[in-house]
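Start counting the sequence shown at 1; every next residue gets the next number (UniProt numbering).
Note that beta-carbon positions come from the ideal geometry of N, C-alpha and C, so glycine has one too.
As the structure is a computational prediction, the values presented were derived from the model and not from experiment.
The structure appears below as structure tokens.
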Amino acid sequence: GQIERFLALLINRTSAEPTKEALMTAICIGSRPLVEFILSLFMEYPSYI
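Written as structure tokens, this is what we have:
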């Protein structure tokens, strides 16, 4: 379901778009820990920005 789709977005490293979509999903869900985790991925992979 939705969790599997969210996880697929997180592990998809083909471009920044899946990670950005995961970030927007986490924001819409209202999960601050998830938002912070995904933002940390952008810090680890600055070429995504």
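The alpha helix (DSSP H) with residue i in it runs from where to where?
{"i": "S15", "result": "Looking at the DSSP string, S15 is not in any alpha helix (DSSP H), and its letter there is neither H nor E."}
{"i": "S40", "result": "R32 to E44"}
Does the distance from the C-beta atom of residue i to that of residue j stay below 9 Å?
{"i": "F37", "j": "A26", "result": "yes"}
In or out: residue i buried (at least 16 other Cβ within 10 Å) or exposed?
{"i": "T19", "result": "buried"}
{"i": "E39", "result": "Residue 39 is actually Leu in this sequence, not Glu. L39 is exposed by the Cβ-count criterion."}
Taking just the CA atoms, how far does residue j sit from residue i?
{"i": "Y45", "j": "F6", "result": "19 Å"}
{"i": "R13", "j": "A22", "result": "12 Å"}
{"i": "S15", "j": "L9", "result": "10 Å"}
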